Structure formats: C-alpha cells, structure tokens
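Here the protein sequences line up with chains A and B, keeping their order. So in my numbering, spot 131 of the first sequence is number 1513, and the numbers just go up one at a time. So in my numbering, spot 152 of the second sequence is number 1534, and the numbers just go up one at a time. No residue lacks a Cβ here, since even glycine has one placed at the ideal position from N, Cα and C. Owing to the predicted nature of the structure, the values given are computational and were not obtained by experimental measurement.
Number of protein chains: 2
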Amino acid sequence: MNRLNPDNLNAIEFCFEGIQKNILGKLKVVNNSQCNLVVDKWKREQGGGGKSISLEGKIIEKAAVNFSSISGKKLPSSSIASSSEINTSSGFHAVGVSVISHPHNPFCPTSHMNVRIFLEVGKNKVIKNWWIGGGFDLTPYHPSTIDASTWHNAAKDICDKFSKTFHKKFASQCDNYFYLPHRKEKRGIGGIFFDQLQHKSIEHSLDLLEEISKTYIDTYQAIINNHKKDKFSQDDRDFQLYRRGRYVEFNLLFDRGTKFGIESNGRVESILASLPPSVNWPFKLSPSIKAQEKKLLRFLNNNWDQHI
Amino acid sequence: MNRLNPDNLNAIEFCFEGIQKNILGKLKVVNNSQCNLVVDKWKREQGGGGKSISLEGKIIEKAAVNFSSISGKKLPSSSIASSSEINTSSGFHAVGVSVISHPHNPFCPTSHMNVRIFLEVGKNKVIKNWWIGGGFDLTPYHPSTIDASTWHNAAKDICDKFSKTFHKKFASQCDNYFYLPHRKEKRGIGGIFFDQLQHKSIEHSLDLLEEISKTYIDTYQAIINNHKKDKFSQDDRDFQLYRRGRYVEFNLLFDRGTKFGIESNGRVESILASLPPSVNWPFKLSPSIKAQEKKLLRFLNNNWDQHI
C-alpha cells in the first residue's frame, strides 16, 4: 500500500468497522441480548467522521464502542508521544476503534481497548509514513488473581503470535501509561499498550490489530461471565462508584486519546462517552471504602504481567 | 511590607484563615448548624501546608473550604497566565483560600470562590514581586433572573468600592475563564475573576480579598436561603447530577487552580475535594434532561454581568 486511494481507505475502514461490529456483538451476548443501543453517525467539519455506539444493559451499565475515521491537514501534537520526532506538516488520516465498558456488578472489572492507525499522506495521496497503536487494560474493583492471570496470559499469547519481543515491552508500556501520578496509583492491573509500531506492512499491522481486538473481547467476555452473578453489597457498590472517580480523573487529566479527540475537534459526546454512568467523590471515605481500597491497591501493585 | 519575615507571613496567613473561618461559619448557618465536618491539617514536603475542611449537611451536600500556605523554590508555570513574563526563578510563597459548594437541592446553584496571594521572595527574604488573584462564579442548574441580578449586583458593588474600572474587566475575565471550549458552553452565569493584580499595597490588596470573600458568602447564603426549600422532582435531580459532569470536566480538563495544585505537589485530596459528591454521565439523555438543558444554556448565554 503506497497510496491512500479510496479503495485502500475503504479496506482500512472495513477492517475497523469489523472490529467494532465484533465487539458490539459480544457485548450484546454478555447482556443476553437485552440491551439498549444509541447509534450515532457523525461527520467532522474538517474531514471524516465516525459511528459511536453506546450500550446499556443489565450486566454492562454503560459501554461505548466507537469507530472513527478522520482526516486533516495537521496532526495534533497529542497524536504522538512527546519524545517523537515525526514530521507533522503533512496531511493525516487516522482510523480507530475505542471501547470502554463499565459493568454494573462491582466484581466485574471495567475494561478499555483501543486500536488505531495513523497515516501521513503527502502529495498525490502518497503514504509518507504510517504507524499503528493500541492496547487493552483491565481495571478491577476487587482483587482476583484468576482474572489477572487470565488477562495477562491472553495478552502474552496474542503478542507472542506476532513477535516474542512484543509482550514484555507492551506490558511495561501499559503499566507506565495507565498510571495516575497525582494519586501515585496504577489505574488497574494493566495489559498491553503500544504506539508508533510498524509491524511489517500495513496489511500485517491491521491483522495484528484485529487479532488483539478479538483477544480483548473474548477474554473480557469470559471474565464478565465468571462474575456477573456474584453477590454484592451496597458497600461494594459504593466502593465501585468511588473508584470510578479514578477512571474519570485519569481520562480527563492524563489520557492522550481524550486530549487528541478534543484537540482534533472530535465529537465530544463520543470522546467522553467513555466516562462512567455514575461516579461518587464522597465527602468522607467510609471505613469499608478505606479497607477495600487498601486491599485493592496492594493487589494492583503486584506487577501481574510479570507473574505469567 | 518589603520583607517576608515570620511576622508578616503570620499576618497574611491570619487574614486568609479568617476568610476560611468566616465562610465555614456561614455555610454551617445555611445548614442550620446540622452538618458534618472533616478537618484535615496537612504539611507539604517541599514547604508549607494547609487546612482543608469538608462539610456535609442537609442543604449543602458537599463543600470544600480549603486554606493553604505553601512555599518553594520554583513557581509552577500554571501559577501565572500564559501571556505573563514574570520571572519564576525566585523562591515563592503562595497563600490562598478556595471554596466550592455543591448544594443538594437542584434549584440551589453551585458556587466557587478563590482568593490568593503570590509572593516572590529573593535573598534575605526581600519581596521581589507579589500579586493577588481570585474571584467567584455561580453555576445554576435552573434559570433565575433574580439570582443572576443579585449575584452580579453584589459583584459590581464590591468592585466599585475599590475601583470603578474593576468590575467590567473582572466580569469579562470571569466569562472568558469559566468557558468549556469542548462543549462550547459557559460554566455558569459568571461573576468576577482577576489575576496578577497589585491593588496599592499588600495590606490594601488583602483588604480587597477579604471584602470579596465576604461579599461572596453573604450573597451565596442569600441565594441558597431563597431556594433551599424549593420543591424538586427526580427529573430535576437527574438533571443536576448530569450537569455536575460539566463541573468535573472543567476542573480536570481546564482549571488552572487544579493544574497548579497537582504541579506543585499539593495535597490531592484537598485539590480534588472540589469535585461533586455524585455525578452522572448518562448512557442517553432523557427528553426531560434535553429540555432542561436547552432552557439552561439559553439562560447562561445572556451575559448577565452586562444587565446590571
């Protein structure tokens, strides 16, 4: 693929739309097909658009499964890591799918996945540069070594399928990225995170993203199925609503995806669809919240990716 | 005041502690003295500390009334407006009080006030530069022209007492500052906002801050008293919980005070004590939320400060 002609762009978009469709289908199954959807097709003034899908069911309280394909003249600075020296004077095209799922049951973890491709396009639609990025991470509210092991084993297996060097690097990048410096806390148990990757060709790289998205949803589905009938108390629910605050803090204070979306004049309803349906920042932490938090933070500090 | 010796610093801190005490007292009265407090004295590793007070009552669901007095070697860049050219190589001392109040009744507006002084201190504790900043703004959930008029008249009166040039400038700065670009919305009906101000001497400037803080709490108290018994429906409450999301978005995405607190290694529990106790980002906006929002946004766009 040397030029980004309409056929090539269609092929790329088709791949990502397939990823969105597959994940949405599995999330429907998780909810026994009893869920409400809001499907929102949108166009961006400066070029491109997307399809944002929100889901609400008995198991998943709120999920956002968003596809976007946007183009423009100048790449926002937040699209690349700060250490990068990529020329941003060219036109760009960015296609991606991002998913965040907030389950109702506090024993079901919140999860996030993102896959994306950036293409720098010069004169005559020549592709001057391209790279892929993405990953997935899990944010539990209650410690489960089984879930942690399932999650990281799946991540390692899919990485190893493409390169034996990927997993260690991607897992460590995930831990670095999903860290809340103001709280000195990890967001969750991690997973994988990568950026500015060229895996052989564009075609091979899209394969990689597709496989990663499948691993993500299959593994998440299994974890949710294991916990969706777990009994929980009001204390457990209060703790979940309180810890969801950390998710909001991370997404609004630090997340580069959110920043990119806002800087690139993306659709704000889609960018912030990732925020939890209900969140508490309580006046005072109850003894139960304090105890649960202590337990959780000890668990999160375990570097689960190194235990497999 | 040419040097920041312990006596001078004590006098400054005494002024701000008085402001905190007065506001807290009035918020207690608003709650008929039936409220819970969490008082948290803290020290900062790099110098200084503070006293954070959170309040919870039947009328005020959560308020934070925070005093801090911190010092350091280097002034964080977020402490000054980006257009400024102030030398930040000196040591600094920053003393301030910030208040955010989230009432329970959706007809009672949320309010915010902040007063602060920055001092640049060189060798032998010589004060090389200093300035004050602050202001207050009101975030209603339901339109009330009476409240808007009460709020802005009080703001104008107190500004005029010090200088006839203040109000117009401060009101316009408030509108500019409390704007959510990603939503293209004003945060509320505004008020006043000023920064890098030297009003005659340090002593006169502290008077100004004290008077502003009194005007803020007296006016807010009157507005709350007018609405605290207003009847409201679940729809009204849902709308309030949804619109509180805007407050969170502003504070975490754009607020310089939050950024300064986090960059200067402030106490995160105090900085984020301003976040609302409960917030919703609903899966889908109900017809009632949509209708109330339309009405509110039309009201907020009225430039209330120019109507007095």
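Secondary structure at K1568(A): strand, using DSSP grouped into helix, strand and coil.
Straight-line measurement puts the Cα of E1651(B) at about 32 Å from the Cα of K1510(B). Within chain A, the residues whose beta carbon sits less than 7 Å from that of N1662(B) are P1659 and S1660, listed in sequence order. For C1397(B), the three-state secondary structure derived from DSSP is helix.
In the DSSP assignment, E1438(A) is bridged to N1418(A). Identification of chain A residues near F1621(B) by a Cβ-Cβ cut-off of 7 Å yields none; the smallest Cβ-Cβ distance measures about 14 Å. With respect to chain B, the C-beta atom of L1682(A) has no partner C-beta closer than 7 Å.
Shown here, Y1523(B) sits in coil according to DSSP, grouped into three states, outside any helix or strand. Looking only at S1436(A), K1455(A) and D1600(A), the smallest Cα-Cα distance to H1475(A) is reached by K1455(A). Under the DSSP assignment, A1476(B) falls in the beta strand (DSSP E) whose first and last residues are G1473 to P1485. Boundaries cannot be given for S1545(A), as no beta strand (DSSP E) includes it and DSSP labels it neither H nor E. When CB distances to chain A are screened at a threshold of 8 Å, the residues of the segment 1409 to 1420 of chain B falling below it are N1418 and V1420, in chain order.
Counting other Cβ atoms within 10 Å of its Cβ, Q1622(B) reaches 16 or more and is therefore classed as buried. Within the DSSP bridge table, the entry for R1385(B) names V1508(B) as partners. For the C-beta of K1543(B), not a single chain A residue is nearer than 8 Å; the gap to the nearest is close to 35 Å. The segment 1660 to 1674 of chain B makes contact with the segment 1654 to 1667 of chain A: 3 or more CB pairs, one atom from each, lie closer than 8 Å. When Cβ-Cβ separations below 7 Å define contact, K1455(B) makes no contact with chain A. A straight line joining the alpha-carbon of G1432(A) with that of E1399(A) spans about 10 Å.
When only Cα atoms are considered, E1427(A) and S1451(A) end up about 13 Å apart.
In this structure E1585(B) is exposed. Its beta-carbon is surrounded by fewer than 16 other beta-carbon atoms within 10 angstroms. Contact of R1565(A) with chain B by beta-carbon distance below 7 Å involves V1650. Taking 7 Å as the cut-off, the Cβ atoms of L1501(A) and L1386(A) count as close.
Of all residues in the segment 1622 to 1634 of chain B, only L1623, G1627, V1630, E1631, N1633 and L1634 come within less than 9 Å of chain A when Cβ atoms are compared, listed by chain position.
In terms of Cβ geometry, E1593(B) and I1540(B) form a close pair [threshold 7 Å]. In the three-state reduction of the DSSP assignment, S1615(A) falls in the coil class.
DSSP, reduced to helix, strand and coil, places W1533(A) within a helical segment of the structure shown. In this structure, the beta-carbon distance from V1479(B) to I1574(B) does not fall below 7 Å. Between the segment 1489 to 1503 of chain A and the segment 1664 to 1679 of chain A there are fewer than three C-beta pairs closer than 8 Å, too few to call the two in contact. When Cβ pairs closer than 8 Å are counted between the two stretches, the segment 1480 to 1494 of chain A is seen to touch the segment 1517 to 1524 of chain A, the count reaching three or more. K1666(A) belongs to the set of residues whose beta carbon lies under 7 Å from a beta carbon in chain B.
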